[in-house]
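Undergrad: Residue numbers (this note's numbering), protein chains in the order written: chain A, 1 to 216; chain B, 217 to 432.
2 protein chains.
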Amino acid sequence: METDDNQAGEAETGRSARKHKAILEAATEAFLRNGYLGANMDEIATLSGVSKQTVYKHFSSKEALFVEIVTSMTGRAGDAVHAEMPHVEGVEALRRYLVDYAWRQLTVVMTPRLMQLRRLVIAEVPRFPDLARVLYERGPLRAMTMLAAAFERLAARDLLVLDDPMAAASHFNWLVMAEPINRAMLLGDEAIPSPEALRQHAERGVRVFLAAYGAP
Amino acid sequence: METDDNQAGEAETGRSARKHKAILEAATEAFLRNGYLGANMDEIATLSGVSKQTVYKHFSSKEALFVEIVTSMTGRAGDAVHAEMPHVEGVEALRRYLVDYAWRQLTVVMTPRLMQLRRLVIAEVPRFPDLARVLYERGPLRAMTMLAAAFERLAARDLLVLDDPMAAASHFNWLVMAEPINRAMLLGDEAIPSPEALRQHAERGVRVFLAAYGAP
DNA sequence: TGCGAAAAACTAGACGGTCCAGTACTAGAG
DNA sequence: CTCTAGTACTGGACCGTCTAGTTTTTCGCA
């Protein structure tokens, strides 16, 4: 197929595909840093080591490039977290699992790239409402839906006590995520807590959650 | 043309001050709708019924106008909520008061104007980090700080049980605010819940909070 | 398999058209 | 005389197109 000098397990690709990728990366950088209006196509071309003509060969317009980037980033974002809930036996195992899940979710979401993406998408809600809706659905909504299903199973086994699984999932999700996300959204990427701080935060959130929804 | 009928207790102002106000209002509208880069000074001048020269007589630059507007809006925003905690006697009175406070906070914050302001400020975090910091401090941080103080007093009277008042305040704040805010941030202003929905949401949040922090 | 030409992709830069922040200038109202 | 409306203007940014010439890939055919 392609030339087989593949380095470090990276699938080798033709020149065109390589340029395509370079453009995507440069554009991601530019849009995340400068916003939709603030980014300019000349800079993207220069940054990706490609002529402007080539940029327009791969993407029909600035708008199309923007949509492509945001959707691909939101697509990748949520996939890393969803893990099947293992058999938890007993209250203490449940607590440990919830803390672990919360911490995993936090460390995935609380990265500069995803915070910048979130700022970018929020900024463009009036211009690109669909992008924001997709981010919401593939982000918090998906997390909460899966949590709700898991909580329902746990309730059936009397490990949790709840009447509204989705409300419980929302409470769990935001007990854990809201404080650091909203801090970082306004205070910038350097306000992202350290992994240890996130772990402590997760533990406190789970303690509150279990006080409200845990088996007595 | 300029009639001097001061209506509804509005402080009497000269023509210059009136133009000043008109410019501020038009600029607020423009910036909230189109963002910093998307707004343009010609539109602001036209919208406020003033010549462009006059706009620049009152505000030295687009940037200065933007900063002025955002700071004035963030200043007004938080002031409406802070109410002295009355004497609450007993657990049920506390619950009712917390629900009421939560609902008040929600109805103040969950308005299109403030959601738009929040989107605008978040969008401009890289360009105007100070504005975002001020919004954070005068918004969530102030609310949580005041809550923490109130919670500490309640803990001294054994109506709450907590070791870290600020953590408890954060949990309360985000149990109540996070879900609707983050929904509206991404799904747009029409995703702002109705007052009745907000009331129910507040009640559920307070129930969880009291399960974790309420007196046994 | 290897060669060579057509096809496709790419570069560098210029350019048209549009938009916009901020300034300058004139005419007229108070 | 002072302030302002109205408007034209400056200087520059930027999207998307175009041109002319170069490089890479593809593929028929030896």
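Don't be surprised by glycine CBs; every beta carbon is placed ideally from N, CA and C.
Taking 8 Å as the threshold (beta carbon to beta carbon), is A/TYR136 in contact with chain B?
TA: A/TYR136 counts as touching chain B.
Undergrad: State the start and end residues of the unbroken alpha helix (DSSP H) segment that holds B/ARG437.
TA: Only positions 217 to 432 of chain B appear in this structure, which leaves residue 437 of chain B out of reach.
Undergrad: Cβ atoms of A/LEU32 and A/MET110: under 8 Å apart, would you say?
TA: Going by C-beta atoms, A/MET110 is not nearer than 8 Å to A/LEU32.
Undergrad: Can you confirm whether B/ALA255, when its beta carbon is compared against all beta carbons of chain A, has any partner nearer than 8 Å?
TA: Judged by the 8 Å Cβ criterion, B/ALA255 is not in contact with chain A.
Undergrad: Under 8 Å between the Cβ atoms of A/VAL70 and A/LEU131?
TA: Going by C-beta atoms, A/VAL70 is nearer than 8 Å to A/LEU131.
Undergrad: How is A/LEU160 classed by DSSP in three states: helix, strand or coil?
TA: Strand, per DSSP.
Undergrad: Cβ closer than 7 Å: which chain B residues qualify as neighbours of A/LEU170?
TA: Looking at the sequence shown, residue 170 of chain A is not Leu but Ser. Chain B residues near A/SER170: GLU395.
Undergrad: Should A/ALA102 be flagged as near chain B, meaning a C-beta pair shorter than 8 Å?
TA: No - not a single Cβ of chain B is within 8 Å of the one on A/ALA102.
Undergrad: When you compare each of B/LEU426, B/MET382, B/TRP390 and B/LEU330 to B/MET289 by their alpha carbons, which one comes out closest?
TA: Ranking the options by Cα distance to B/MET289, first place goes to B/LEU330.
Undergrad: Across the region 414-429 of chain B and the region 205-215 of chain A, are there enough close Cβ pairs to call them in contact, namely three or more that are closer than 8 Å?
TA: The region 414-429 of chain B is in contact with the region 205-215 of chain A.
Undergrad: Is the region 16-35 of chain A in contact with the region 57-67 of chain A, if contact means three or more CB pairs nearer than 8 Å?
TA: Contact holds: three or more Cβ-Cβ distances are below 8 Å.
Undergrad: What is the residue span of the alpha helix (DSSP H) that A/PHE31 lies within?
TA: Start and end: 15-38.
Undergrad: Using 10 angstroms around the beta-carbon of A/VAL161, count the other beta-carbons present and answer buried if the total reaches 16, otherwise exposed.
TA: When all chains shown are included, A/VAL161 counts as exposed.
Undergrad: Residues of chain B with a CB under 9 Å from the CB of A/GLY188: which are they?
TA: Within 9 Å Cβ-Cβ: VAL341, PRO342, PRO345, ALA348 and ARG349.
Undergrad: Return yes when the Cβ of A/LEU175 is within less than 8 Å of the Cβ of B/TRP390, no when it is not.
TA: Yes; because the gap between Cβ atoms is below 8 Å, this pair is in contact.
Undergrad: If contact means a Cβ-Cβ distance below 7 Å, which residues of the region 355-380 of chain B contact chain A?
TA: Of all residues in the region 355-380 of chain B, PRO356 have a Cβ within less than 7 Å of some Cβ in chain A.
Undergrad: Hey, out of B/LEU357, B/GLN416, B/PRO345 and B/SER410, whose CA is closest to B/HIS387's CA?
TA: Residue B/LEU357 is the option with its Cα nearest to B/HIS387.
Undergrad: Along chain A, in chain order, which residues have C-beta atoms closer than 7 Å to that of B/ARG335?
TA: Correct list: ILE122, ALA123 and VAL125.
Undergrad: Beta-carbon of A/LEU47 versus every beta-carbon of chain B: anything under 8 Å?
TA: No, A/LEU47 does not count as interfacial toward chain B.
Undergrad: Can you tell which of A/GLU190, A/ALA167 and A/LEU186 has its C-alpha closest to the C-alpha of B/GLU395?
TA: For B/GLU395, the nearest C-alpha among the options comes from A/ALA167.
Undergrad: Taking the alpha-carbon positions, what's the B/ALA255 to A/SER16 distance?
TA: About 38 Å.
Undergrad: First and last residue of the alpha helix (DSSP H) that includes B/SER386?
TA: B/SER386 -> alpha helix (DSSP H) spans 381-403.
Undergrad: Who are the Cβ neighbours of B/ILE260 in its own chain at under 6 Å, not counting the five residues just before and after it?
TA: Only ALA242, ALA243 and ALA246 meet the Cβ criterion.
Undergrad: Please tell me whether B/MET393 and B/ARG335 are closer than 8 Å, where the distance is taken between their beta carbons.
TA: Contact flag unset, no.
Undergrad: Using a Cβ-Cβ distance under 8 Å, would B/MET401 count as near chain A?
TA: Chain A contact via Cβ: present.
Undergrad: With 16 other CB atoms within 10 Å as the buried threshold, where does B/PRO411 fall?
TA: With fewer than 16 other Cβ atoms within 10 Å, it is exposed.
Undergrad: Just to confirm my understanding: we take B/HIS303, look at its own chain, exclude 5 residues before and 5 after, and list those with CB closer than 8 Å. What are they?
TA: Cβ neighbours of B/HIS303 beyond the five flanking positions: none.
Undergrad: State buried or exposed for A/ALA11, treating a residue as buried only when at least 16 other CB atoms are found within 10 Å of its CB.
TA: With a pLDDT of only 42 at A/ALA11, under 50, the local geometry of the prediction cannot be trusted, and no value is derived from it.
Undergrad: Alpha carbon to alpha carbon, how far is A/ARG183 from B/ASN398?
TA: Each residue's alpha carbon lies about 13 Å from the other.
Undergrad: Please report how far the alpha carbon of B/PRO208 lies from the alpha carbon of B/ALA418, in whole angstroms.
TA: No statement about residue 208 of chain B is possible, as the shown extent of chain B runs from 217 to 432 and does not include it.
Undergrad: Are any of the Cβ atoms in chain B nearer than 8 Å to that of A/GLY14?
TA: Not closer than 8 Å to any Cβ of chain B, the Cβ of A/GLY14 fails to qualify, so no.
Undergrad: B/PRO345 and A/GLY35 look like a contact to me (Cβ under 8 Å); what is the Cβ gap, rounded to whole Å?
TA: With a Cβ gap of about 14 Å, B/PRO345 and A/GLY35 do not count as contacting.
Undergrad: Who are the near neighbours of B/MET257 in its chain, counting only those whose CB is closer than 7 Å to its CB and skipping five residues on each side?
TA: The answer, listed in chain order, is LYS268, VAL271 and LYS278.
Undergrad: Quick one: which chain B residues come within Cβ less than 7 Å of A/ARG199?
TA: Those do not exist, as A/ARG199 stays about 14 Å from chain B at its closest Cβ, beyond 7 Å.
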